[in-house]
Amino acid sequence: MAKKIPAHLRQYTVKQNYASYTPINHAVWRYVMRQNHETLKDLAHEAYTDGLKASGISIEQIPDVAEMNEKLGQFGLGAATIDGFIPGVAFFDFQSHGILPVVAEIRKLENIQYTPAPDMLHEAAGHAPILADQTYASYVKRFGEIGKKAIATKEEHDVFEAVRAYSNLLEKGSATGEQLAEAQQEIAAREALVKGESEAELIGRLYWWTVEYGLIGTVENPKIYGAGLLSSVEEGGNILDPKVKKIPYDVEKVVRTGFDITKPQPQLFVCRTFEELMEGLEEFADTMAFRKGGAESVDKAAASGNTATIEFSSGLQVSGIWNESRKDAEGNVIYLQSKAPTALAYGEVELPEHSKTVHADGYGTPAGRLADGTALEELSVEEIKALGLKEGEDTELRFASGITVSGKVEKVLFRDGRPILVQWKNTLVTNGEIRLFEPEWGDYDMAVGAEVVSVYAGAADGEAYYGEDLPAQSDLAHEQDETMLDSLYGRVREVRNQMPADTVRQLVNIYEELKEYPDDWLLRLEIVEILEEVRGADDFLQLIKNELETLQETKKEYRKLIANGLKAAEKISLKK
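Under my numbering, residue 583 is the last one in the sequence shown; the count climbs by one each step, no gaps.
The structure is reproduced here in structure tokens:
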């Protein structure tokens with residue numbers, strides 16, 4: 008069954024608009040896929056070749072992501088088209104739902120070997136095939152579940168936006184040198200403000216060195232499973248180069264190894280099995296705020312400057328953007344305050360009447376045990392009433408921290424037999440001489456919880472939290488215009504697909520027009536591929552080959568691309 012995209016993630020999707028892919032786009036796809044399949048069929052993990060077909064991916068043309076979504080359904084997975092870089096939390100959120108986010112764009116011909124920006128080749132041809140291995144698919148999904156909880160700092164969020172802008176400039180190819188220099192300076196300026204390494208940075212490295220650039224097997228005989236290698240003509244074929252260091256997988260080493268997305272990787276990590284990856288992921292997860300809780304984790308949420316969820320020992324989950332918490336002399340959190348619309352949830356389901364609209368101005372609550380050491384969440388209904396927390400009664404709660412809450416109890420909300428929230432009217436909250444909440448500010452909803460047990464990025468109930476602000480679906484679409492050169496590529500494609508009786512004559516006519524584009528190597532290569540399959544065109548074939556040889560001599564950047572293409576033309580039959 009095809010996967011349905013959760014409402015809160017639809018803002019990142021675009022309509023693929025398959026018809027807008029140009030013949031050059033398809034030719035770029037075909038060249039890279041033919042090269043990769045030929046180069047990697049013996050270097051890639053065994054799931055790669057079978058997974059191409061199973062996931063709805065053809066070597067001959069760009070895949071229809073809707074069809075991919077249907078095909079991946081047999082593995083309990085799906086696919087959705089997105090618009091380039093998206094926030095890490097959102098990317099992992101897609102994967103946590105078993106959805107592979109696939110960038111609608113495909114790299115330009117001039118970036119055919121490598122592009123730092125995500126593209127269709129990387130996502131569809133790199134990620135999707137290996138998902139045919141159920142253990143690996145489980146790893147990727149579990150990575151999404153854990154990764155979406157990773158907290159980044161505000162400064163890291165700012166760096167992400169700068170890198171996204173720079174990568175888009177590079178891929179579009181229309182930016183001036185001055186614009187690129189300014190974008191690089193902006194990245195450097197924002198990077199200079201980043202202090203330390205957040206858990207989002209560390210888990211990003213773990214993702215990079217496994218899902219993107221991972222090898223499996225032995226250091227002496229590794230196989231590729233990483234999408235970055237499976238979608239790169241050059242890097243995938245270079246894994247056996249001794250200059251590329253192979254390191255046995257160790258999660259601690261992996262997360263301490265940085266990377267540069269704009270350059271080939273100098274080292275790669277080799278896991279023994281996909282099960283080892285899962286073990287390493289869970290080991291790293293034990294270091295994250297969502298499993299540790301406490302004051303340190305609360306501080307991470309405040310430093311993120313973005314929506315984060317704080318979960319109390321009662322099970323109550325509070326999602327918002329957080330100020331620095333108030334602490335006691337020992338550093339324990341005693342009062343929490345958000346500064347933006349906040350929602351309350353339990354079991355990742357938003358509580359009725361506790362949406363962002365209700366708590367539009369933020370949310371504050373004490374945390375900790377009462378003065379006598381009592382943890383409210385451990386009390387029964389009768390014990391709660393005995394404490395004076397009865398509907399309509401005026402009462403006062405004194406916390407061990409020195410915080411006092413006094414007012415009229417309106418309601419005590421229970422879930423699974425224990426209290427999670429006390430709703431007050433006419434409430435005064437103080438910490439010594441400091442007044443934290445005044446009666447005239449309205450109703451007061453006090454969280455129940457002696458401890459903060461979990462803190463993580465994003466909202467507890469993403470559908471409800473983000474759904475209020477988002478359209479039902481994105482109205483963006485992948486769009487492109489065709490050029491005259493595109494029309495020539497399209498005509499060659501028709502000839503290749505139909506192989507008519509006058510194939511040579513049609514190609515000669517196309518070639519006459521192609522003379523207007525003396526530096527275009529890829530279409531000449533496609534003509535060579537067809538001529539290798541027909542008889543009586545030796546002179547024409549040699550003419551095109553001579554032009555390609557000249558391009559190899561005069562255009563150094565084309566040399567390897569042309570050589571590899573000619574080699575593939577001799578090996579790979581055009582028959583489907």
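We put the CB at the ideal spot given by N, CA and C, even for glycine. Bear in mind the structure is a predicted one, so any value in this text is a computation, not a measurement.
Can you name the start and end residues of the beta strand (DSSP E) that residue i belongs to?
i    : result
A352 : A350 to Y353
Q344 : V340 to Q344
F276 : Q274 to C278
I441 : I441 to F444
Q430 : R425 to N438
L404 : D401 to R405
S326 : L323 to G327
A315 : A315 to F319
Residue j and residue i - do their beta-carbons sit closer together than 8 Å?
i    : j    : result
Y370 : L323 : no
L200 : Q186 : no
Y2   : A97  : Because the chain is modelled from 8 through 583, residue 2 falls outside the range shown and cannot be assessed.
L16  : R149 : no
V261 : W216 : yes
P446 : N433 : yes
D450 : L428 : no
D165 : R197 : yes
W431 : G409 : no
T29  : E357 : no
R500 : H134 : no
K10  : I106 : yes
V462 : T316 : yes
K60  : F99  : no
A131 : P108 : no
Quick check on the burial criterion: 16 or more other C-beta atoms within 10 angstroms. Buried or exposed for residue i?
i    : result
E554 : buried
Q480 : Low per-residue confidence applies at Q480: pLDDT is 48, beneath 50, and the placement is therefore not dependable, though the value from the model is reported in the following sentence. So Q480 counts as exposed.
G5   : The requested residue 5 is not part of the displayed model; the chain covers only 8 to 583.
M295 : buried
P255 : exposed
P273 : exposed
E564 : exposed
P249 : exposed
R531 : buried
M491 : exposed
S181 : exposed
G380 : exposed
E206 : buried
For residue i, which residues from the same chain have a beta carbon less than 8 Å from its beta carbon, with the 5 sequence-adjacent residues on both sides left out?
i    : result
V442 : It is Arg, not Val, that sits at residue 442 in the sequence shown. Correct list, in chain order: L435 and V436.
K230 : L50, A51, H52, E53, L222, I223 and G224
N245 : V251 and P271
I551 : Y518, R531, I534, V535 and L538
Looking at the secondary structure, which residues open and close the alpha helix (DSSP H) in which residue i lies?
i    : result
L50  : Careful: L50 lies outside any alpha helix (DSSP H) and carries neither H nor E.
I537 : W528 to L538
Y473 : G469 to G474
T381 : T381 -> no alpha helix (DSSP H), and no H or E assigned at all.
D546 : D545 to T561
Near residue i, which residues of its chain fall below 6 Å by C-beta distance, leaving aside the five closest residues on each side in sequence?
i    : result
L548 : L538
A310 : T160
E152 : S103
Going along the chain, which residues of its own chain have a beta-carbon closer than 7 Å to the beta-carbon of residue i, five neighbours each way excluded?
i    : result
I391 : V419 and P426
E193 : A169
Contact defined as beta carbons within less than 8 Å: I believe residue i pairs with residue j. What is the distance between those atoms, to the nearest angstrom?
i    : j    : result
L383 : V455 : 5 Å
Y121 : S239 : 6 Å
A570 : E536 : The Cβ separation is near 14 Å, so there is no contact.
N339 : A302 : 6 Å
A144 : F82  : 6 Å
I119 : V39  : 6 Å
Could you tell me whether any Cβ in chain D is nearer than 8 Å to the Cβ of residue i?
i    : result
T434 : In the structure shown, chain D cannot be found, because there is only a single protein chain.
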